[in-house]
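What follows is a short report on a single structure.
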DNA sequence: CTGTTAGCGCGTTCAG
DNA sequence: CTGAACGCGCTAACAG
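Put into structure tokens, the structure is as follows:
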């Protein structure tokens, strides 16, 4: 198989015309005869020409690629957000390059550096749990590359954000458990540097207060909310014989970990303990009717964040006012009448 | 915030030296004094220089990026494969760009075109369910961009493949059900154009034959194996009062769909119907002890496929013999003594 | 409508 | 060890 080195010059030479005409034809410029355009396209096809986007982008000093940085693509919330991002991006003629930080600041730094070096048009980012500030966004700033935070953000309020009303979500989740009769509700909490976890925690406290239930430090278990954390949280709860009857987990993964442990111990979840998780992980619809979830509109969020970003991209010269868009979440209760 | 346009020329000018020296210094060439190198690096830092990879790659006519194309990043098998790919790639100094075809041939075509235009160093691909031939790989071939199929491949045997022994997997799954006492085993099958589904089906038939059980057409339900398909398969089974006592699903998603339906109908899965799904979706460890799975080593597969690809990339000039690597899968039985 | 010229930012000759 | 010049492939400006 012959390696392709066909450039616009080759096809220009073969046709006895100039390469700039070829370039125009390939870009479907109106300033080329339909006739020569056809001739050029045919020749290009014939020679197996493939445009070199590197060169094109370098010359134009733009790219039609936006970068997306998420902690983990396998998390349902993020993959559905990515779906929304891709849809909105393709609609506007942009490509998407997806990167995962795996919750590691170091990787996040490398990714942003690489995106900046590749001159992406903009960046959508949901920061890792290790990220405590915006220092590593400076590369993008210096390069004039706009960025938008979605879902996860540092608690410093500035920049462009697309978020979910986590306070309300935390409040609703807790209220739901209280309505079901729970009086001793445990909270699995995440790093407080991330606004989402702080806000969910605040919502939890607010609901307790409103219902005149006491807040107890011992009922709050902090972790990075991995499945293993939930598993160990549940274990520790049982061992310390804490008298709990409900769990509000700040994400779905830890909730699932806890359920695994409880199931293993033969504790029937619906009757003894009510659990609310914070995500739209579809596993929750099957695993057990006990897991009520706070649904996060990932797909919609992705689209909105992308639109906001592209607005920045297109008005790169005129600095737009930063803004924060807050989306609503909604509680989805499982039908626990089914066994 | 000032937009960065700092090039090597700027930093050269600021230091009264030539840009080529700067270039060499930034690439850590041995042909530059340590002293001037330090001076240059310091100045680069000071001016906020950011290398332009577009220009660099254009000049060198290479990139350190490999493209990965999968049907869906949210599928556990693929996201764990991607994990393996990233690990192997980073280790060799390559970046990874992840794309999803969403099982659509049209999107797959666009993605490959875009990857070729961006001159990626190589491509790892798991084809969509709509893909019936290799025609759209020609762009890569012409561009001299090597590619490796992993997991999913067309049934045409050529090119580089990293696969799982699906025949054995299908056989093991069926044998497992037979060992548990099943006599009427239904098979949820996928598009036969994809080798994986054909091989799993063949394994199913072989196991039946070996155990002197009759093969019945009516027990084979073909679909694209989405969750909804599994759901409807189960529904159709119950409505047609087929006398079945086991299900072997060619993937996990359809198995989960079927379980949802059965659960909804109040059919206790462990006792009445045994199910084997084909994947390593972790949901299966929780959803119900009845779901035994054929575990696919996604992470390992990703690493191996990447190593194979990079070997091709590095020996681009000398055409290597195509090869197929086949990995083993293993059956993971759930502990059904637990309720 | 087409050709000419110049240059995007960088790396690699080749001299010195 | 460093500088000058050229060109990767493409496109924008200006002629004509």
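Chains as they are written, first to last, in the UniProt record's numbering: chain A, 1 to 339; chain B, 1 to 339.
Just so it is clear, CB atoms sit at the ideal spot from N, CA and C, and this is done for glycine as well.
In this text the structure is predicted, and so the values were computed from the model without any measurement.
The Cβ-Cβ distance between residue 279(A) and residue 75(A) falls below 9 Å. For residue 150(B), the enclosing beta strand (DSSP E) has its first and last residue at 147 to 150.
Contact of residue 139(B) with chain A is assigned, a C-beta pair being separated by under 9 Å. Contact residues of the UniProt domain "HTH lacI-type" (6 to 60) of chain A toward chain B are 48, 50, 51, 52, 53, 54, 55, 57, 58 (C-beta to C-beta distance below 7 Å). Neighbours of residue 66(A) across chain B, judged by C-beta separation under 8 Å, do not exist; the nearest C-beta is about 12 Å away.
Residue range 291 to 295 is occupied by the beta strand (DSSP E) that includes residue 293(B), with no alpha helix (DSSP H) assigned at that position.
Against chain A, the CB of residue 74(B) has a partner CB under 9 Å away; the residue lies at that interface. Contact between residue 214(A) and residue 129(A) is absent: CB atoms are separated by about 29 Å, not below the 8 Å threshold. Here residue 230(A) is not near residue 266(A), since their CB atoms are 9 Å or more apart. With respect to chain A, the C-beta atom of residue 189(B) has no partner C-beta closer than 9 Å.
Identification of residues in the region 101 to 129 of chain B having a C-beta nearer than 8 Å to some C-beta of chain A yields 114, 116, 117, 118, 119, given in sequence order. Taking every protein chain shown into account, the CB of residue 122(B) has 16 or more other CB atoms within 10 angstroms, so this residue is buried. Not a single CB atom of chain A sits nearer than 9 Å to the CB of residue 131(B). The beta carbon of residue 208(A) sits closer than 6 Å to those of 215, all from its chain and outside the five residues before and after it, given in chain order. Here residue 100(B) has 70, 71, 72, 73 as same chain residues with Cβ atoms under 7 Å from its own Cβ, once five neighbours each way along the sequence are excluded.
About 4 Å separates the CB atoms of residue 84(B) and residue 303(B); that is less than 8 Å, so the two are in contact. The beta-carbon of residue 97(B) is placed less than 9 Å from the nearest beta-carbon of chain A.
Listed in chain order, the beta strand (DSSP E) runs fully inside the region 145 to 226 of chain A are 147 to 150, 160 to 164, 185 to 189, 220 to 222, counting runs of at least 3 residues. Among the residues facing chain B, residue 85(A) is not included, as its CB has no counterpart in that chain under 9 Å away. Under the DSSP assignment, residue 267(A) falls outside any beta strand (DSSP E); it carries neither an H nor an E label.
Listed in chain order, the non-local C-beta contacts of residue 194(B) below 7 Å within the same chain comprise 129, 152, local neighbours out to five positions each way being set aside. Counting only unbroken stretches of 4 or more residues, the alpha helix (DSSP H) elements lying wholly within the region 42 to 123 of chain A are 53 to 60, 76 to 91, 105 to 117, in sequence order.
Residue burial is scored here from C-beta neighbours: residue 240(B) has fewer than 16 other C-beta atoms within 10 angstroms and is therefore classed as exposed. A distance below 7 Å between beta-carbons, with the five flanking residues on each side excluded, links residue 204(B) to the following residues of its chain, in chain order: 170, 174, 187, 248. Of the other Cβ atoms in all chains shown, fewer than 16 fall within 10 Å of the Cβ of residue 332(A); this residue is therefore exposed. Not flagged as an interface residue toward chain B: residue 249(A), since no C-beta distance is shorter than 9 Å. Nearest Cα to residue 273(A) within the set 181(A), 236(A), 110(A): 181(A).
Taking the Cα of residue 185(A) as reference, the smallest distance to any Cα among 127(A), 299(A), 10(A), 217(A) is reached at 217(A). In terms of Cα proximity to residue 322(B), the closest of 225(B), 134(B), 147(B) is 147(B). Residue state for residue 258(A) is assigned as helix, using DSSP reduced to three classes.
Remark: fewer than three beta-carbon pairs, one from each stretch, lie closer than 8 Å, so the region 29 to 37 of chain A and the region 49 to 69 of chain A are not flagged as touching.
Contacts between residue 82(B) and chain A, judged by CB atoms closer than 9 Å, involve 73, 74, 100 in chain order. The closest CA to that of residue 68(A), considering only 251(A), 120(A), 228(A), is found on 120(A). The three-state secondary structure of residue 274(B), taken from DSSP, is strand. DSSP links residue 326(A) through a beta bridge to 163(A). Per DSSP, reduced to three states, the secondary structure at residue 247(B) is strand.
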